[in-house]
Each structure stands twice: as structure tokens, then as C-alpha cells.
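Enquirer: Below are the C-alpha cells for one structure; questions will follow.
There are 2 protein chains.
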Amino acid sequence: MLNLKKIVVLKNNLAHFNSVFSVDCVIFGFDEGELKILLIERNTVPYINWWALPGNLINQNETLDASANRILYELTGVKDVLMEQYFTFDGVKRHPQGRILTVAYYAILRLSTHKTLKPVTDFAKDAAWINVKELPKLAFDHQQIVEKGLEKIKNQIKNQPIAFELLPEKFTLTQIQQVYELILDKKLDKRNFRKKILNFNILKELDEKQEGVSFRAATLYKFDKRKYTQFFGKGISF
Amino acid sequence: MLNLKKIVVLKNNLAHFNSVFSVDCVIFGFDEGELKILLIERNTVPYINWWALPGNLINQNETLDASANRILYELTGVKDVLMEQYFTFDGVKRHPQGRILTVAYYAILRLSTHKTLKPVTDFAKDAAWINVKELPKLAFDHQQIVEKGLEKIKNQIKNQPIAFELLPEKFTLTQIQQVYELILDKKLDKRNFRKKILNFNILKELDEKQEGVSFRAATLYKFDKRKYTQFFGKGISF
DNA sequence: CCAAAAGTGTTCCCTCTACACCCATGC
DNA sequence: GCATGGGTGTAGAGGGAACACTTTTGG
């Protein structure tokens, strides 16, 4: 039980100990020609029944990175994602319950390997991949967090070949171009794009072709990790 | 006084309410051909008498940005600096007193206008500008925070003309080049540098010359804010 | 006249850009 | 045979990198 001494200590520190930390995750995926993000439908107040980013309070003795992974898993069933922190949002008026500071994480992943989503706690009612261009109204300041995340990957895709992490193992050049166009939000010239991306020598042409299309089948490519490693750091710009 | 109800509420929330937020500031300045950062000498345990970044706990009802400004002022006497958040450090084992999460801020400023430093609280014993290349051992994980800050401005100087914020109002081309060389940590070709920087059309050549030097006096330049604004966003690369 | 830094052009190469038509395939 | 996307080349412009000597000034 609480003894008086403890209470006094608590009270003295109160000014500094009534902030709460949380983590929100912006997870990007690419599917059917669309850039999507992973959202949950909240099952708790406040904002019950609203769509929101997977996010929750962090635990004690848990690093931020570990929190992000745990929370993402609990709310969506998605596991083992390498996320990166990109901004800390200042929540003086952010949460009706009081002050919350939120560290925002993002990641980019192969949507095809994470199609089935299943929240493992009842904090979330449901989870789904939603087209970035058709987002519903989001809880809290999640709209803003998503926007900043989009900016972030826009900058990153110009400097690191992250596009491949969105694609299936084997992909066509047109698919990569689509990813770039979606993220940069502009049309790119097909010939110039292909020249450029092939010049980096980080792709391996396969003997296979696309299947099941009703037009000329495109050659499939694979991402060459060994060359990528050499390449890393140089950067690409479009 | 505390009533029982309040205590219970406190206790229930305890798991989430015993993290503490702090802010650390990495302030860059340029002087006498050296890139310096602003450090304080701590006057409190832990790490009493150690050099450290200006940093402290944030207050309730204070935005992160406001905290950073207040803390910088209290510990160094430096006021009204536009700082930018760049990373949140995860302090599970960071502080002997318990868990602390630290939001790191950086700024770049004209050292000449902030030469006199004077802590206004006795949390800091002293404050000083220290050459980045000759840093003492720093308290906590401040070494790491500084390194990440250096990376940050390295990336930024390639894309935004932040160098001017380090220089006095009137400066020579050689001085800007020095700033670039210090931050990028490599030698640049004089002719190419001058061509490039002048081509951006963000400098205004003055009728004045350098004074008090025992060699040919260099032309002074001024930063042209109007042209800068048009220019902003295009980026520079070296 | 010497030391110290200021100031100044050219060439080569590579990369970016703009641009349009034929090819293979499934239906 | 037609609709659909796959696949290809070239010319011109602009920017980056490499490179060395003359000028000005104070002491």
C-alpha cells in the first residue's frame, strides 16, 4: 500500500511526472497501384469508432523502438517491422485526458505480405489499409502526423532506394515507376526513368515475365542487395 | 492536501506517469574560423561540474518549442533563437534518477551577437562556446546528441543556405567557404565554390572591403533576403 | 620584395530533359 | 485487328569537377 512518504514524493515530483508518452505509427504499403497506410478503428474513448493511426502509450522500461513495435503488433497484428522515428508531436492540447507527447514512427513495407490484419487487443476494433488519397477524418492530430510522414518519405525516396521495400520480390519497371510517381506526386518520363534506375545497377533482370495480363508481358526484375549495399549513401534524385 | 481519491487516481496512472521529458539544445556558432557549440558547466547532480548541452526538464503547459527556448535562456542567457527539433532520444538508462526522454533541438546562430553568456539560474555554473573539434567529455549521452546534430546540419547545409546564419551581416566569400568546409568536413575548390554561390544570386556585393588585414582586402558581401525567399526550396549541393 | 590571401576562365564530361514510335500479347 | 501497356535512342543544354596564375596589400 501507499505510505505517506511515498505520497509526498509523488506529490513533489508531480509537476514533472504527469506527462505521458505515446507512439504513433505511419505504415506505408503499395498495392494495386495505390499508396496506402495502415489504420485502425478505435474501440476506446476518446474518439471511439474513429479511424486513427496505430498508436498507444509506451510502457516503462521499454525503448521507444520497442514500444512502436509492440503497439503496432497489438493493434494490427503486423510484426517485425523496421520503423524509424521522425518527429515528436507536442500534445499540450492534443488529448482530452491531458498532456500527451507523441513520437511518430514510419515504415515502408511490402503490403502483400501483410494483407491479413488482426488486432490482438480490443483497443482496436479493426485494422485496414487505406488509400492515402482517400483518407477518412482521423482521430486526434493524426492527419497532421500523416502529412509529415508523407513529406518524410518524399524526401527519402529521392535519396535512398526505399521504393523496393514497397514492392513484391519480383516487379516490373513500371511498378517501380508508379511507386515513385505516387510518392513524389508527379508524372515521370518513362524512358528517362528506366535509364536512370537501371544505371544505378541495383536491379537484376530476371528471365521471367509478368503473367496473367492481357497485353505484352513486362520483364520482371529483382532488387540486388549486394549492389545496393555498395550503392547506399550516394542517393538518387528525381 | 491530498485526499484519498486523488491518491488512488495517481496510483492507477502511475505506470504511465513516471516518465519525464526533457529538452537538450545543440547550438552552433562560427567564430575565428571554428565551428563551435554552446555548452554549460553543470552545477547539480548528477554529473556535477561536467560539461553538458543546455538542457532540462520541460514544464507542464509549455510546448516543446517554448521549453527549448526557456531552457536555453535559463542556462546560457541566450534568447530568441529559432531552434528546430531533430530527434527524440530514448532514455531508459539515460539518467541515474530514472527514465527520461529527451527531445533534441538544434539551431545555428551568429556567434558574434551572443558572445556574453550568463546563466540566469544556478543549474549551470558557467556557459561557453567550445570548438566542435575539441569537445570535452560530456554528461549523459550528450556526445551522441551532438554527433547526430552535426549530421543534421551537414545534410541541411547542402539543401538550404543556412551558412549565412552563422556569419556576421557582412562577410567575405572566403568566410562562407570556411563554414561549408567546416560543416561538410572537406576542402572545396575556391573557384568552383565562388561560381556556385554567386550563381544562386542570393548575395549582394557591397562597396566595402575587409579592414585590418595585412594582405589584399576581400570584398564584403551581404545576404539578400528577398532573393533568398524566391530561391528557398531549390537546394544547393556540394 | 616578400608573404598572404584575393580574385579570376576554360575545358571536359556527365547527367538531365524533352520527345514519338514500333512491339508483343490477349481477346 | 485492335486495345493495352512494354520497350527503346538521340540531341541539346546545363552543371559539376579539375586545374594555376596574376593581383593587391601591409609590413
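Protein chains in written order, with this note's numbering: chain W, 1 to 238; chain Z, 239 to 476.
Even for Gly, the Cβ is constructed at its ideal location relative to N, Cα and C.
Since this is a predicted model, take the numbers as computed values, not measurements.
#1: How long is the line joining the alpha carbons of I368 (chain Z) and L349 (chain Z), rounded to whole angstroms?
#2: Give a yes or no on whether 8 Å exceeds the smallest Cβ distance from R308 (chain Z) to chain W.
#3: Starting from E151 (chain W), follow the beta strand (DSSP E) in both directions and report where the run begins and ends.
#4: What do you get for P68 (chain W), buried or exposed, if any count of 16 or more other CB atoms within 10 angstroms of its CB means buried?
#5: When you check each C-beta in the region 40–66 of chain W against every C-beta of chain Z, which residues fall closer than 8 Å?
#6: Given that a residue counts as buried once 16 or more other Cβ atoms are within 10 Å of its Cβ, and exposed if not, what is G212 (chain W)?
#7: Out of Z:G267, Z:A455 and Z:S260, which has the shortest C-alpha to C-alpha gap to H352 (chain Z)?
#8: Since L355 (chain Z) is in the beta strand (DSSP E), which residue starts that stretch and which ends it?
#9: Output needed for D269 (chain Z): all residues of its chain with C-beta closer than 6 Å, excluding positions within five of it in sequence on either side, in chain order.
#10: May I ask you to verify whether the region 203–210 of chain W touches the region 49–65 of chain W, counting CB pairs closer than 8 Å and requiring at least 3?
#11: What is the residue span of the beta strand (DSSP E) that N131 (chain W) lies within?
#12: If you compare alpha carbons, which of W:D224, W:F200 and W:T76 is closest to T121 (chain W)?
#13: Which residue from Z:D423, Z:L422 and Z:N437 puts its Cα closest to that of R429 (chain Z)?
#14: Using Cβ-Cβ distances below 8 Å, what residues of the region 259–275 of chain Z are close to chain W?
#15: In the DSSP assignment, the alpha helix (DSSP H) including Y459 (chain Z) goes from what residue to what residue?
#16: Beta-carbon separation of F325 (chain Z) and D379 (chain Z) under 8 Å?
#17: Note down the Cα distance separating L405 (chain Z) from D423 (chain Z), rounded to an integer number of angstroms.
#18: For Q85 (chain W) and chain Z, any beta-carbon pair shorter than 8 Å?
#19: How would you list, in chain order, the residues of chain Z whose beta-carbon sits under 8 Å from the beta-carbon of V81 (chain W)?
#20: Is V417 (chain Z) helix, strand or coil by DSSP?
#21: Cβ closer than 8 Å: which chain Z residues qualify as neighbours of T88 (chain W)?
#22: Can you find a CB in chain W that lies within less than 8 Å of the CB of R337 (chain Z)?
#23: Where does D427 (chain Z) land, buried or exposed, given buried means 16+ other C-beta within 10 angstroms?
#24: Give the single residue among Z:V316, Z:K363, Z:Y459 and Z:I338 whose Cα lies nearest to the Cα of E279 (chain Z).
#25: Label T219 (chain W) either buried or exposed according to how many other C-beta atoms from any shown protein chain fall within 10 Å of its C-beta, with 16 as the threshold for buried.
#26: According to DSSP, K317 (chain Z) sits in a beta bridge with which residue or residues?
#27: Can you check DSSP and say which residues form a bridge with K408 (chain Z)?
#28: By DSSP, does A377 (chain Z) sit in helix, in strand, or in coil?
#29: Where does L277 (chain Z) fall in DSSP's three states?
#30: Please report how far the alpha carbon of Y459 (chain Z) lies from the alpha carbon of I100 (chain W), in whole angstroms.
Expert: Based on what the coordinates show:
#1: 11 Å
#2: no
#3: Premise fails: E151 (chain W) lies in the alpha helix (DSSP H), H142 to I157, not in any beta strand (DSSP E).
#4: Reading the sequence as shown, one finds Ala at residue 68 (chain W) and not Pro. Buried, because 16 or more other Cβ atoms sit within 10 Å of the Cβ of A68 (chain W).
#5: L57, I58, N59, Q60, N61, E62, T63, L64 and D65
#6: exposed
#7: Z:G267
#8: From DSSP, L355 (chain Z) is part of no beta strand (DSSP E); its letter is neither H nor E.
#9: L349
#10: no
#11: A124 to N131
#12: W:T76
#13: Z:N437
#14: F259
#15: That residue, Y459 (chain Z), is in no alpha helix (DSSP H); its beta strand (DSSP E) goes T457 to F461.
#16: no
#17: 18 Å
#18: yes
#19: Those do not exist, as V81 (chain W) stays about 18 Å from chain Z at its closest Cβ, beyond 8 Å.
#20: helix
#21: L302, Q323, T326 and V341
#22: yes
#23: exposed
#24: Z:K363
#25: exposed
#26: BP columns for K317 (chain Z) are empty, so no partner.
#27: Z:K460
#28: coil
#29: strand
#30: 47 Å
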